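What follows is one structure encoded as structure tokens, with my remarks underneath.
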Amino acid sequence: MMTSTSPSPNLDVLRSLAVSFVVISHLLLDNSLANPGGFDTHILGTLGVMIFFVHTCLVLMFSLDRQTRVLGGPPTTISFLVVRAFRIYPLSIVVVVVLSVIERMHSGTQPNLSTFLSNVFLIQNLTGSANVTPVLWSLPYEFQMYFFLPVLFIWSRYSGRYSSGGIAALWCASVALVLAFWRLGIDFSLVKFFPCFLPGVLAFCRRRMPRSYSPGVLFAYVGAVAILYPSLVGHGANATVLSWLICLLLGMLIPRCGEIKSNLIRNVGSVIARYSYGIYLVHDPIRYFSFHYLKGISPFVQWSVFVVAVAGLSYFAYHFIEKPCIDLGRAAVNRFNFNRTRTAPDL
Numbered sequence: 001m002m003t004s005t006s007p008s009p010n011l012d013v014l015r016s017l018a019v020s021f022v023v024i025s026h027l028l029l030d031n032s033l034a035n036p037g038g039f040d041t042h043i044l045g046t047l048g049v050m051i052f053f054v055h056t057c058l059v060l061m062f063s064l065d066r067q068t069r070v071l072g073g074p075p076t077t078i079s080f081l082v083v084r085a086f087r088i089y090p091l092s093i094v095v096v097v098v099l100s101v102i103e104r105m106h107s108g109t110q111p112n113l114s115t116f117l118s119n120v121f122l123i124q125n126l127t128g129s130a131n132v133t134p135v136l137w138s139l140p141y142e143f144q145m146y147f148f149l150p151v152l153f154i155w156s157r158y159s160g161r162y163s164s165g166g167i168a169a170l171w172c173a174s175v176a177l178v179l180a181f182w183r184l185g186i187d188f189s190l191v192k193f194f195p196c197f198l199p200g201v202l203a204f205c206r207r208r209m210p211r212s213y214s215p216g217v218l219f220a221y222v223g224a225v226a227i228l229y230p231s232l233v234g235h236g237a238n239a240t241v242l243s244w245l246i247c248l249l250l251g252m253l254i255p256r257c258g259e260i261k262s263n264l265i266r267n268v269g270s271v272i273a274r275y276s277y278g279i280y281l282v283h284d285p286i287r288y289f290s291f292h293y294l295k296g297i298s299p300f301v302q303w304s305v306f307v308v309a310v311a312g313l314s315y316f317a318y319h320f321i322e323k324p325c326i327d328l329g330r331a332a333v334n335r336f337n338f339n340r341t342r343t344a345p346d347l
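And the structure:
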């Protein structure tokens, strides 16, 4: 049985694999390996983001569960959103501002005000603005999904044995909605990832199921999907529809698999997971600097710059931006919940 009070090495490793897929995808694309042997390299990065979607929803459902236990009542949507805003916005804003300044200094141009503000507030998918850096495309969808999670949590926690069936029905309805929009020629871009987020909620609903499978089953599935998904898309399969099924199976599998026992894998997964948000945001600008701006020098130097810069900036980002802002968000929530006697847990 999975619980909200104990750490999950499996989820750490899963998050580590997700960010690794994104980084590897961009590195392969940078070396003109976009479609080797029908393997769609871009889709490997997409798979990483889809894993993030499932993982994030599950982790946040556990966080909401802890909040309910500590505060003695259902979570407040406002406090949840405040903490998440302090978690996701500060580093993304720093990245947007720094890259905009660098672009202006280097080329004399910069994003127009609309594009800049859309990236700052993470609403590019609503305004149609370009992303200042490619990886920002996923963050608007993630933050917008946060608005639905408290309601989904209340259903999942208080509907008892009907919770899994209700979320499964909602998943089917979300798929039907996207397909209906597609059939009617309506823009479905804002809702097409709902079927990728909901399996994380489904995993939470199934958290009390016996963990009868080896952790190897979970990671064998992820490894197989990392090979098959890009290959199938490279040969003409629909990436969006496949992503729904992949995420659904992942959400069903996570709560059934036992935790990894290897201390080495657990420790490596924990470290990469801790710095994964920073890695996700900084690796692409560093990739460009290392392999394009420094083009012509020793490949060893280029790779050394890439690895050291990504590791160093991710470490700096977590300890000097992410963690302090997370603590600030928690303090703001505790002040908002001044009538509660206990401290709000980390979200």
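Mapping of the sequence shown onto full-length UniProt numbering: residues 1 to 347, in sequence order. For every residue, glycine included, the Cβ atom is placed at its ideal position computed from N, Cα and C. Being a predicted model, the structure only gives us computed values, none of them experimental.
{"Check": "Beta-carbon contacts of TYR213 that lie in its chain and below 8 Å, excluding the five residues immediately before and after", "Outcome": "LEU253, ARG256, CYS257 and GLY258"}
{"Check": "Completely contained beta strand (DSSP E) runs for the segment 314 to 339, where each covers 3 or more residues", "Outcome": "none"}
{"Check": "Rounded C-alpha distance that separates ARG335 from GLN67", "Outcome": "15 Å"}
{"Check": "Expected contact under 8 Å - CB spacing of TYR141 and PHE193 to nearest Å", "Outcome": "5 Å"}
{"Check": "Close beta carbons around SER6, own chain, < 8 Å, minus the five adjacent residues each side", "Outcome": "none"}
{"Check": "Beta-carbon gap between VAL305 and ILE279 smaller than 8 Å", "Outcome": "no"}
{"Check": "Start and end residues, alpha helix (DSSP H) containing ARG266", "Outcome": "263 to 274"}
{"Check": "Candidates ARG183, SER8, LEU177 and PHE153, of which the one nearest ILE167 by Cα", "Outcome": "PHE153"}
{"Check": "Buried/exposed call for PRO230, threshold 16 Cβ in 10 Å", "Outcome": "buried"}
{"Check": "Nearest-angstrom Cα separation, counted from LEU136 out to ARG104", "Outcome": "19 Å"}
{"Check": "Proximal residues to SER132 (C-beta, below 7 Å), its chain only, five neighbours per side dropped", "Outcome": "A small correction: the amino acid at residue 132 is Val; Ser does not occupy that position in the sequence shown. Result list for VAL132: VAL96, LEU99, SER100, PRO111 and ASN119, in chain order."}
{"Check": "CB of SER16 within 8 Å of CB of GLY269, strictly", "Outcome": "yes"}
{"Check": "Any 3 or more C-beta pairs closer than 8 Å across the segment 77 to 84 and the segment 319 to 335", "Outcome": "yes"}
{"Check": "THR76 and ALA239 closer than 8 Å at C-beta", "Outcome": "no"}
{"Check": "Straight-line Cα distance separating SER79 from PRO90", "Outcome": "17 Å"}
{"Check": "For TRP171 and SER163, believed in contact at Cβ under 8 Å, the rounded distance", "Outcome": "13 Å between Cβ atoms; not a contact."}
{"Check": "Neighbourhood of ALA18 by C-beta, 7 Å cutoff - its chain only, sequence neighbours within 5 removed", "Outcome": "GLY48, ILE51, PHE52 and HIS55"}
{"Check": "Identity of the residue in PRO215, PHE143 and VAL201 nearest CYS247 by Cα", "Outcome": "VAL201"}
{"Check": "Alpha carbon of ARG330 to alpha carbon of HIS235, nearest angstrom", "Outcome": "47 Å"}
{"Check": "Alpha-carbon spacing of SER174 relative to TRP303, whole angstroms", "Outcome": "43 Å"}
{"Check": "Neighbourhood of ASN339 by C-beta distance below 6 Å, restricted to the same chain and skipping five residues each side", "Outcome": "In this prediction, ASN339 has a pLDDT of 40, which is less than 50 and means its spatial position is unreliable; nothing more can be read from the coordinates."}
{"Check": "Within 8 Å, strictly: CB atoms of LEU64 and LEU149", "Outcome": "yes"}
{"Check": "Cβ-based neighbour list, LEU11, same chain, cut-off 8 Å, excluding 5 preceding and 5 following", "Outcome": "HIS55, LEU58, VAL59, ILE254 and ALA273"}
{"Check": "Straight-line Cα distance separating LEU179 from LEU126", "Outcome": "20 Å"}
{"Check": "Whole-angstrom distance between GLY296 and TYR146, CA atom to CA atom", "Outcome": "45 Å"}
{"Check": "Through-space distance from LEU198 to LEU177, alpha-carbon basis", "Outcome": "14 Å"}
{"Check": "For ARG183, the first and last residue of its enclosing alpha helix (DSSP H)", "Outcome": "163 to 184"}
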